[in-house]
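*Asks:* Protein chains in written order, with this note's numbering: chain L, 26 to 307; chain G, 95 to 238.
From the three backbone atoms N, C-alpha and C, an ideal C-beta is built for every residue, glycine too.
Pasting in a structure now, in structure tokens, and then I'll have a few things to ask.
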Amino acid sequence: MKRKVFGGLVSLGIVLATGSAACSPEPATLAGVPALEGMWSGVLNGAIEDMFCDWGWCTDVGRERLRVLLDDAANDKRLTIQLFGDAALYQIEHYVVPRLTPAGRATLGVDPADDPGFLLCEPWGFARQIFAPHQLLITQLEDRVELHYGTWDARRTVWLDEHKAPRGASEPSRLGFSVGHYDGETLVVETSGIAANFAPWGWDWSSRFIDGKHSDELRATERYARSEDGDRLLLTVTLDDPWSMSEPLVLKRVWSAAPNEQIYPDTDCERPRDFIKGSAAQ
Amino acid sequence: MKAKLIATTAAMLLYAGSIHAHHSTTPVYDTTRTVTKTGVVAQFRLVNPHATLKLEVAEEGGNVVPWIVEFDGRVNLTRFGWNDDTLKPGDRITVMGNPTHSNSPRMFFIELERPDGTQLRRAMIDPTVGALEEARRQRAEQKH
Numbered sequence: 026m027k028r029k030v031f032g033g034l035v036s037l038g039i040v041l042a043t044g045s046a047a048c049s050p051e052p053a054t055l056a057g058v059p060a061l062e063g064m065w066s067g068v069l070n071g072a073i074e075d076m077f078c079d080w081g082w083c084t085d086v087g088r089e090r091l092r093v094l095l096d097d098a099a100n101d102k103r104l105t106i107q108l109f110g111d112a113a114l115y116q117i118e119h120y121v122v123p124r125l126t127p128a129g130r131a132t133l134g135v136d137p138a139d140d141p142g143f144l145l146c147e148p149w150g151f152a153r154q155i156f157a158p159h160q161l162l163i164t165q166l167e168d169r170v171e172l173h174y175g176t177w178d179a180r181r182t183v184w185l186d187e188h189k190a191p192r193g194a195s196e197p198s199r200l201g202f203s204v205g206h207y208d209g210e211t212l213v214v215e216t217s218g219i220a221a222n223f224a225p226w227g228w229d230w231s232s233r234f235i236d237g238k239h240s241d242e243l244r245a246t247e248r249y250a251r252s253e254d255g256d257r258l259l260l261t262v263t264l265d266d267p268w269s270m271s272e273p274l275v276l277k278r279v280w281s282a283a284p285n286e287q288i289y290p291d292t293d294c295e296r297p298r299d300f301i302k303g304s305a306a307q
Numbered sequence: 095m096k097a098k099l100i101a102t103t104a105a106m107l108l109y110a111g112s113i114h115a116h117h118s119t120t121p122v123y124d125t126t127r128t129v130t131k132t133g134v135v136a137q138f139r140l141v142n143p144h145a146t147l148k149l150e151v152a153e154e155g156g157n158v159v160p161w162i163v164e165f166d167g168r169v170n171l172t173r174f175g176w177n178d179d180t181l182k183p184g185d186r187i188t189v190m191g192n193p194t195h196s197n198s199p200r201m202f203f204i205e206l207e208r209p210d211g212t213q214l215r216r217a218m219i220d221p222t223v224g225a226l227e228e229a230r231r232q233r234a235e236q237k238h
């Protein structure tokens, strides 16, 4: 993918941004459960490694690689975003790809023009939605946890009592069926019944488009917890799909508290009429 | 594009693709080329997943060609303070963006200049870009 010129690095952006990272969401009103409730969004301060994990997903391998790149004086004149691209590709090549089956590897590098989110305005499936950029609004209720995402305005329900959960159709669905429980200070969510879809192995901000696909055998365990200082929401996900993965993948995501942000409707998607195939090679 | 920047540095950022887009834009837009058009705002819709601008551009010979300028979504733009009035009908503006592969009258926004000379750039939409370099600067200070 060819480089693209963007405008100036604008310090004003930091000021005009929500600037809410120092605030924490309101504590949960429910007693006896970890306080995860509130609006979370992009990481705008603190450790660069956390910002890396805000742009899609990250792994321990990728974070370590980024640390090495940042500490290398030879990279002092390179933009951080370029180092992100290098670290992202490194974790794809050294962590994700070795854990894919031949079938999973065969799907790598899918054409972005085939993305149903692009071609059909079809919202993302589970594996991409849980790492979606921007806001995540968490609402903790007695019998369930609601997850509302800024990207696609998508909503998930995590049922805390599986027996009371309204089982939907037996067919796999875009976001699957989720049940959860609290484990100390952590919300643990188990999701199955996920329809086959794109897998988010590579994002287009890295230098290659390297997404792949997963099957409807995908299962996931998400673990949500606050950071020690309370200002971050940390997600660790274990993904297991026997069709595309030879062993489970452990991916991470970080958000910052953002009580002043809002989620807006996502109702104006326009199906493209004028596009080309094969742009991933740009 | 002549510009009076509303904020600092002239350092240009090079980076690939769209960071926080909900999908890749490369099937539609040629990120290796740019096009610049001056025209009158007919409509600005600050919506998700992508905001759009209708720009009436007077071409040579007097024909007015309606151009569509596509932006990142409201979810991105509002984080940087954009609102429904950032671009108003009747405003005469100059916009630069990536053209479509087919050269249809459409572009993906990179930067624009408003009637008062202020300039808006795509990098400004994503405060993460500025925050990143600030974090990097602080990290370098600690290292030394």
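Does DSSP put Val135(L) in a helix, in a strand, or in coil?
*Replies:* As a working mapping, residue 135(L) is identified with position 110 in the first sequence. Residue state, collapsed to three classes: coil.
*Asks:* Going by DSSP, name the residue or residues bridged to Leu166(L).
*Replies:* Within the first sequence, numbered from 1, the residue matching residue 166(L) stands at position 141. Beta bridge pairing from DSSP links Leu166(L) with no other residue.
*Asks:* Output the boundary residues of the beta strand (DSSP E) element that contains Asp208(L).
*Replies:* Taking the first residue of the first sequence as position 1, residue 208(L) is located at position 183. Phe202 to Asp208 is the span of the beta strand (DSSP E), which, as asked, contains Asp208(L).
*Asks:* So, for Val159(G): in the same chain, excluding its five sequence neighbours on each side, which residues have a beta-carbon less than 7 angstroms away from its beta-carbon?
*Replies:* Translated into the one-based positions of the second sequence, residue 159(G) becomes position 65. So the qualifying residues of the chain are Val151, Glu153 and Pro199.
*Asks:* In chain G, which residues lie less than 9 angstroms from Tyr289(L) when you measure between Cβ atoms?
*Replies:* Translated into positions along the first sequence, residue 289(L) becomes position 264. Listed along chain G, the residues sitting closer than 9 angstroms to Tyr289(L) by beta-carbon distance are Leu140, Val141, Asn142, Gly167, Arg168, Val169 and Thr172.
*Asks:* In chain order, what residues of the stretch 196-219 of chain G put their CB closer than 9 angstroms to some CB of chain L?
*Replies:* Ser196, Ser198, Arg200, Ile204, Glu205, Gln213, Leu214, Arg215, Arg216, Ala217, Met218 and Ile219
*Asks:* Can you find a C-beta in chain L that's less than 8 angstroms from the C-beta of Thr194(G)?
*Replies:* The sequence position of residue 194(G) within the second sequence is 100, counting from 1. It does: the Cβ of Thr194(G) has a partner Cβ on chain L nearer than 8 angstroms.
*Asks:* Who pairs with Ser317(L) in a beta bridge, going by DSSP?
*Replies:* Nothing can be reported for residue 317(L): it is not among the residues displayed for chain L, which extend from 26 to 307.
*Asks:* Mapping the DSSP letters down to three states, classify Lys237(G) as helix, strand or coil.
*Replies:* Position 143 of the second sequence, counting from 1, holds the residue named residue 237(G). Helix.
*Asks:* In chain L, which residues lie less than 8 angstroms from Ala136(G) when you measure between Cβ atoms?
*Replies:* As a position in the second sequence, residue 136(G) is number 42, starting the count at 1. Taking the beta carbon of Ala136(G) as reference, no residue of chain L falls within 8 angstroms; the closest one sits roughly 17 angstroms away.
*Asks:* Three or more C-beta pairs under 8 angstroms: does that hold for the stretch 100-115 of chain L against the stretch 166-186 of chain L?
*Replies:* no
*Asks:* Could you tell me whether the stretch 55-66 of chain L touches the stretch 158-172 of chain L, where touching means 3 or more Cβ pairs closer than 8 angstroms?
*Replies:* yes
*Asks:* Could you please give the first and the last residue of the uninterrupted beta strand (DSSP E) stretch that includes Asn170(G)?
*Replies:* The count along the second sequence starts at 1 and reaches residue 170(G) at position 76. That residue, Asn170(G), is in no beta strand (DSSP E); its alpha helix (DSSP H) goes Arg168 to Leu171.
*Asks:* What separation, rounded to the nearest whole angstrom, lies between the Cα atoms of Asp256(L) and Pro59(L)?
*Replies:* The count along the first sequence starts at 1 and reaches residue 256(L) at position 231. The count along the first sequence starts at 1 and reaches residue 59(L) at position 34. Distance between the alpha carbons of Asp256(L) and Pro59(L) is about 14 angstroms.
*Asks:* Curious, which full-length alpha helix (DSSP H) runs of at least 4 residues does the stretch 172-231 of chain G contain?
*Replies:* For the stretch 172-231 of chain G, whole alpha helix (DSSP H) runs of length 4 or above, ordered along the chain, are 216-219.
*Asks:* Counting contacts by CB-CB distance shorter than 8 angstroms, is Val151(G) in contact with chain L?
*Replies:* Counting from one through the second sequence, the residue named residue 151(G) turns up at place 57. No, Val151(G) does not count as interfacial toward chain L.
*Asks:* In its own chain, which residues sit with a C-beta less than 6 angstroms from the C-beta of Pro148(L), not counting the 5 before and 5 after it?
*Replies:* Position 123 of the first sequence, counted from the first residue, corresponds to residue 148(L). So the qualifying residues of the chain are Trp177 and Ala179.
*Asks:* Is there a Cβ from chain L that is less than 8 angstroms from the Cβ of Pro121(G)?
*Replies:* On the second sequence, residue 121(G) is found 27 positions in, with the first residue counted as 1. It does: the Cβ of Pro121(G) has a partner Cβ on chain L nearer than 8 angstroms.
*Asks:* Who are the near neighbours of Pro141(L) in its chain, counting only those whose CB is closer than 6 angstroms to its CB and skipping five residues on each side?
*Replies:* On the first sequence, residue 141(L) is found 116 positions in, with the first residue counted as 1. Taken in chain order, the residues that qualify are Glu147.
*Asks:* Can you name the start and end residues of the alpha helix (DSSP H) that Glu74(L) belongs to?
*Replies:* Position 49 of the first sequence, counted from the first residue, corresponds to residue 74(L). Per DSSP, the continuous alpha helix (DSSP H) segment holding Glu74(L) begins and ends at Ile73 to Phe77.
*Asks:* Three-state secondary structure (DSSP) at Ala157(L)?
*Replies:* Taking the first sequence and counting its residues from 1, the one referred to as residue 157(L) is at position 132. For Ala157(L), the three-state secondary structure derived from DSSP is coil.
*Asks:* Using a Cβ cut-off of 7 angstroms, which residues of the stretch 134-147 of chain L contact any Cβ in chain G, in chain order?
*Replies:* Pro137, Ala138, Asp140, Gly142 and Phe143
*Asks:* CA-CA distance, Asp254(L) and Ala282(L)?
*Replies:* Position 229 of the first sequence, counting from 1, holds the residue named residue 254(L). Position 257 of the first sequence, counting from 1, holds the residue named residue 282(L). When the Cα atoms are used, Asp254(L) and Ala282(L) turn out to be separated by approximately 11 angstroms.
*Asks:* Hey, is the stretch 194-205 of chain L in contact with the stretch 123-139 of chain L, meaning 3+ C-beta pairs nearer than 8 angstroms?
*Replies:* They do not touch, by the three-pair rule.
*Asks:* From what residue to what residue does the alpha helix (DSSP H) around Ile106(L) run?
*Replies:* Along the first sequence, read from residue 1 onward, the residue named residue 106(L) stands at position 81. Taken as a continuous stretch (DSSP letters only), the alpha helix (DSSP H) holding Ile106(L) covers Thr105 to Gln116.
*Asks:* Assuming Asp241(L) and Ala220(L) are in contact, meaning their beta carbons sit under 8 angstroms apart, how far apart are those beta carbons, in whole angstroms?
*Replies:* Taking the first sequence and counting its residues from 1, one reaches residue 241(L) at position 216. Taking the first sequence and counting its residues from 1, one reaches residue 220(L) at position 195. Indeed they touch by this definition, with Cβ atoms about 6 angstroms apart.
*Asks:* Look at the alpha carbon of Tyr207(L) and the alpha carbon of Pro284(L), and state the distance between them as a whole number of angstroms.
*Replies:* The count along the first sequence starts at 1 and reaches residue 207(L) at position 182. The count along the first sequence starts at 1 and reaches residue 284(L) at position 259. Computed Cα separation, rounded: 23 angstroms.
*Asks:* Do Val169(G) and Asn94(G) have their beta-carbon atoms positioned less than 8 angstroms apart in this structure?
*Replies:* One cannot answer for residue 94(G) here, as it falls past the ends of chain G, which runs 95 to 238.
*Asks:* Would the beta-carbon of Val262(L) fall within 8 angstroms of that of Gly205(L)?
*Replies:* By 1-based counting over the first sequence, the position of residue 262(L) is 237. By 1-based counting over the first sequence, the position of residue 205(L) is 180. Contact flag unset, no.
*Asks:* Kindly list the residues whose CB is nearer than 7 angstroms to the CB of His119(L), restricted to its own chain and excluding five residues on each side of it in sequence; keep chain order.
*Replies:* The count along the first sequence starts at 1 and reaches residue 119(L) at position 94. Answer for His119(L): Val86, listed in chain order.
*Asks:* Output, in chain order, the set of chain L residues within a Cβ distance shorter than 8 angstroms of Glu154(G).
*Replies:* One-based indexing of the second sequence puts residue 154(G) at position 60. Those within 8 angstroms of Glu154(G) in chain L number zero; the least Cβ separation is about 24 angstroms.
*Asks:* Tell me whether Gly4(L) sits in a helix, a strand or coil according to DSSP, three-state version.
*Replies:* Not covered by the structure: residue 4(L). The range shown for chain L is 26 to 307.
*Asks:* Tell me which residue opens and which closes the alpha helix (DSSP H) that Gly156(G) is part of.
*Replies:* Numbered from its first residue, the second sequence carries residue 156(G) at position 62. Counting along the chain, Gly156(G) falls outside any alpha helix (DSSP H), and DSSP gives it neither H nor E.
*Asks:* From this set, Gly57(L), Thr105(L), Gly303(L) and Val183(L), which residue's C-alpha is nearest Ile73(L)'s C-alpha?
*Replies:* On the first sequence, position 48 is the one that residue 73(L) refers to. Considering only alpha carbons, the answer is Thr105(L).
*Asks:* Hey, is Cys83(L)'s beta-carbon within less than 8 angstroms of any beta-carbon in chain G?
*Replies:* For this step, residue 83(L) is matched to residue 58 along the first sequence. It does not: the Cβ of Cys83(L) has no partner Cβ on chain G nearer than 8 angstroms.
*Asks:* Just the C-alpha distance for Thr125(G) and Ile204(G), rounded to the nearest angstrom, thanks.
*Replies:* Reading the second sequence from its first residue, position 31 is the one you call residue 125(G). Reading the second sequence from its first residue, position 110 is the one you call residue 204(G). Near 10 angstroms, if we compare the C-alpha coordinates of Ile204(G) and Thr125(G).
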